[in-house]
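Enquirer:
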């Protein structure tokens, strides 16, 4: 054994030496086979078994590892696949960021009666892709039919049209469904309709639902009690679901009183996001609130996360408007406005009328009423104001005017190209204007254009023109010469300055006054004038001669000073959009020549708006305090708490309380002994007169421009009780054509009717036991403070002379409307819908307002009524 071990070691050493030599020579040789010497069989058998067990354990480990890896791979793959499908599902379910619409605040009248509210409505949304993919799933056959049937039943829609829309849009996830022929871009669903659909959807889709069988007894009860078909069992194929239908929330503006106070309230765009006109526009920021946002996304753990920024609803307004008072005034005036002609047809007695009721002690507006008050729920409907033929003409003019604008633009472009080609450049600024005139003259639209080459909107009004005319609030936007109501200012100024007293006498023995080379007549010229009268009686008799003398005593500087103190020529600051200032329509002191001062002293040759005159009159009778007119008395938060209380704003004291008392006495005397007697006439036809009601007031008759047309505006501003005024009523009638007397008589009878109609409501009581009495119509003195069509002016040769006009009119060819564009604060309604962020900027004052299409404003009970 020892020798063997030595030989074996030698062999091993030799082998190692050979391997090292080969390695050095980079020569590869086969290893010599190991020789196995079986010296211990039992021991070798144990080693082999160990080797086998090790190999088995290794294989088993590898198999286990592979299986574990496979499980992990399958798990990861399933998770990833599930996430992909989950994301896809979420996409199909339209989980994304969306706007949560804020609810606009309500508007209340002074008695907390809602006059503008927001009703929750819903926009019908259909997901055709989800519907069609569900329809294709085994066991869900009939889902399309079931969904269509549910939509049609709950929303009164056509099944065939719905099916056609869904199948043709199978790849779309979002459709705002609109029925064929529908004028709006969305179909609105009411709260009750949505609730009915939700209940039906839950019933059909419930996994626990078991089909109920109808018994003969149940059918009998249904027939007896008249159960509607909508309440019957909804039949659907087994396994079919209602899917792919959802709703977007929106608020619809609704005005419970229709056209009442429309010029004050205003209306909104289709989606209620922007106010148009009135309080809706002026308080747009307060009313609209702030929209919220809903965000949905999947986090790293594939959890669906929803973040919601809740919307902040708008504030509500409490206005000063009294809807009860407005209703009474509106009904009474409308009844007066129409007469029956010889053919038995109902015709208008005048071109228009406007009524303003105001609290003289605060400046609060209590009512605004006009003959063009429109339906706030359907402001585009002009059928109440124009015939079908007239509306067709307006629409045709609209088309032609748009065609002309395109034609003009194209022709100007041609001229520009020609100029560039010949390298010519215009040397003066008038070249473009001249080009327009030349293009206009040669155009096929020449008959519709004015001398400047512009569309003649006065002669050929468009639909845009007439809608803006209806919507605008003429009480604050339209200006006119006040006539004899302006004598109140002249009288108050002279009294305040101590230049006259109420007893100062004036001589009107001839009925005219020569101003330079012009004879200016009094309205009593044909009767020989008013005679010798004092200042108070001059107010009562509305004597032009006396007031020309008073104007001369005041002089230009003082007269203009008191116009400015009374806020003439300036905006009052009323909280409504579109107010005109009349700047430029009053003479300055250095412009007031002798004749201009004389005529201005009795209310001609300068312009005012109704709101300016009413605020001025209130100050003259309330103690001399000028208050800014306002229409909102408080602002409320979403819980009804007052966040802002609007207090009356005293601007200035313009005359003393003593002077104000003197003015009140003169105005009362004008009713009891002068030309304003008719304000007491409650019912002329039946000879009813109101006695003991302590009225005071002043009439006005002003000749319109152009003077040659001999058209007049007649007005009456009055207060009661005049000894302690509580309400001022200002009534203006434009171009009266009724069967009544000339002059201011018609507006007096209208005012008398209005006072009689509201006296009980406002708590106006007679100081006598009997508040109404019959009277002898023949005993009523003349109420005419105009010349009834006869010219007030003649020149030195006795020929008719023209009455002076306001300065801006003299300098330009203007009408009697406001000097500046009163619509400067009105936005483009369509722009508000397209991009509310850009709609806040007011258009240029020369822009024409584009009109909105038919607004979606209906009562919630019938959100899609057409």
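In the numbering used here, the protein residues as written are 19 to 884. Think of the CB as a built atom: it goes at the ideal place given N, C-alpha and C, for glycine as much as any other residue. Note that this is a predicted model, so its numbers are computed, not measured.
1) Only counting the same chain, and skipping five residues up and downstream in sequence, which positions put a Cβ closer than 7 Å to that of residue 249?
2) I need the straight-line Cα distance from residue 82 to residue 258, nearest angstrom please.
3) Can you say whether residue 647 is buried or exposed, counting buried as having 16 or more other CB atoms within 10 angstroms of its CB?
4) Considering Cα atoms alone, identify which of 691, 502, 699, 599 is closest to residue 622.
5) Relative to the C-alpha of residue 752, which candidate in 87, 764, 741, 744 has its C-alpha closest?
6) List the endpoints of the continuous beta strand (DSSP E) containing residue 648.
7) Taking just the CA atoms, how far does residue 711 sit from residue 700?
8) Determine which residues share a DSSP beta bridge with residue 194 and list them.
9) Is the beta carbon of residue 714 closer than 8 Å to that of residue 685?
10) Buried or exposed: where does residue 610 fall if 16 or more other Cβ atoms within 10 Å of its Cβ makes it buried?
11) So what's residue 366 in DSSP terms, helix, strand or just coil?
12) Taking the straight line between their C-alpha atoms, what separation do you get for residue 548 and residue 592?
13) Compare the beta carbon distance of residue 315 and residue 134 with 8 Å and say whether it is the shorter of the two.
14) With the cut-off set at 8 Å, would you say residue 559 and residue 693 are in Cβ contact?
15) Out of 191, 192, 162, 171, state which residue places its alpha-carbon closest to the alpha-carbon of residue 182.
16) For the putative contact between residue 169 and residue 263, defined by C-beta atoms under 8 Å, what is the C-beta separation to the nearest angstrom?
17) Hey, how far is the Cα of residue 617 from the Cα of residue 732?
18) To test your reading of the DSSP string, which unbroken alpha helix (DSSP H) runs of 4 or more residues are found completely within the stretch 242–301?
19) Taking the DSSP output, what are the residues bridged to residue 358?
20) Please report the distance separating the alpha-carbon of residue 408 from that of residue 717.
21) How long is the line joining the alpha carbons of residue 326 and residue 216, rounded to whole angstroms?
22) Taking the continuous beta strand (DSSP E) assigned at residue 633, which residues delimit it?
23) Among the candidates 424, 425, 334, 385, whose CA atom is the shortest distance from the CA of residue 126?
24) What residue does the alpha helix (DSSP H) around residue 770 start on, and which one ends it?
25) Going along the chain, which unbroken runs of the alpha helix (DSSP H) with 4 or more residues stay wholly within the stretch 553–606?
26) Is the Cβ-Cβ distance between residue 485 and residue 594 less than 8 Å?
27) Rank 652, 256, 615, 288 by C-alpha distance to the C-alpha of residue 396 and give the top, closest one.
28) So the candidates are 582, 73, 478; which of them puts its Cα closest to the Cα of residue 507?
29) Can you tell me the Cα-Cα spacing of residue 308 and residue 211, whole angstroms?
30) May I ask which residues mark the beginning and end of the beta strand (DSSP E) holding residue 662?
31) Could you tell me which of 742, 720, 769, 651 sits nearest to residue 707, measuring between CA atoms?
32) Nearest to residue 755 by alpha carbon, out of 269, 179, 728?
33) Ends of the beta strand (DSSP E) at residue 524?
34) Classify residue 668 as helix, strand or coil using the three-state DSSP reduction.
35) Leaving out five residues on either side along the sequence, give the residues of the same chain with a beta carbon under 8 Å from the beta carbon of residue 650.
36) Tell me whether residue 837 is buried or exposed, calling it buried when 16 or more other Cβ atoms sit within 10 Å of its Cβ.
Expert: Working from what's here:
1) Caution is warranted here: a pLDDT of 45 is assigned to residue 249, below 50, making its placement in the model unreliable, and no coordinate value can be reported.
2) Answer to the nearest angstrom: the Cα atoms are 46 Å apart.
3) Taking every protein chain shown into account, the CB of residue 647 has 16 or more other CB atoms within 10 angstroms, so this residue is buried.
4) Ranking the options by Cα distance to residue 622, first place goes to 502.
5) Each of 87, 764, 741, 744 was checked against the Cα of residue 752, and the nearest Cα belongs to 764.
6) Per DSSP, residue 648 belongs to no beta strand (DSSP E) and is neither H nor E.
7) The straight-line gap from Cα to Cα measures roughly 12 Å.
8) Per DSSP, 143.
9) In this structure, residue 714 lies closer than 8 Å to residue 685 by Cβ.
10) Residue environment: residue 610 is assigned as buried (16 or more neighbouring CB atoms within 10 Å of its CB, all protein chains considered).
11) DSSP, read as helix, strand or coil, puts residue 366 in strand.
12) Each residue's alpha carbon lies about 40 Å from the other.
13) The answer is no: Cβ separation not under 8 Å.
14) In contact: residue 559 and residue 693 (Cβ atoms closer than 8 Å).
15) Minimum Cα distance to residue 182 is reached at 162.
16) Confirmed, about 6 Å.
17) Using only the alpha carbons, I get a separation of about 17 Å.
18) The qualifying runs are 280–283, 296–300.
19) By DSSP's assignment, residue 358 forms a beta bridge with 364.
20) Cα to Cα, residue 408 sits roughly 35 Å from residue 717.
21) The straight-line gap from Cα to Cα measures roughly 23 Å.
22) Annotation: residue 633 is outside any beta strand (DSSP E); the continuous alpha helix (DSSP H) that includes it extends over 628–639.
23) Nearest Cα to residue 126 within the set 424, 425, 334, 385: 334.
24) DSSP places residue 770 in the uninterrupted alpha helix (DSSP H) bounded by 763–780.
25) Considered as a whole, the stretch 553–606 harbours 553–559, 562–583 as its complete alpha helix (DSSP H) runs of no fewer than 4 residues, in chain order.
26) Cβ atoms of residue 485 and residue 594: not closer than 8 Å.
27) Checked all of 652, 256, 615, 288; the closest Cα to residue 396 is 288.
28) The residue with the shortest Cα to Cα distance from residue 507 is 582.
29) Distance between the alpha carbons of residue 308 and residue 211 is about 27 Å.
30) Per DSSP, residue 662 belongs to the beta strand (DSSP E) from 660–663.
31) The candidate whose alpha carbon is nearest that of residue 707 is 769.
32) With distances taken between Cα atoms, residue 755 lies closest to 728.
33) It spans 523–526 - the beta strand (DSSP E) in which residue 524 sits, taken as one unbroken run.
34) Three-state DSSP puts residue 668 in a strand.
35) Closer than 8 Å at the Cβ level, and outside the excluded window around residue 650, lie 297, 301, 335, 336, 337, 338, 593, 664.
36) Note on residue 837: pLDDT 38, under 50, position unreliable in the model; the coordinate value appears next. So residue 837 counts as buried.
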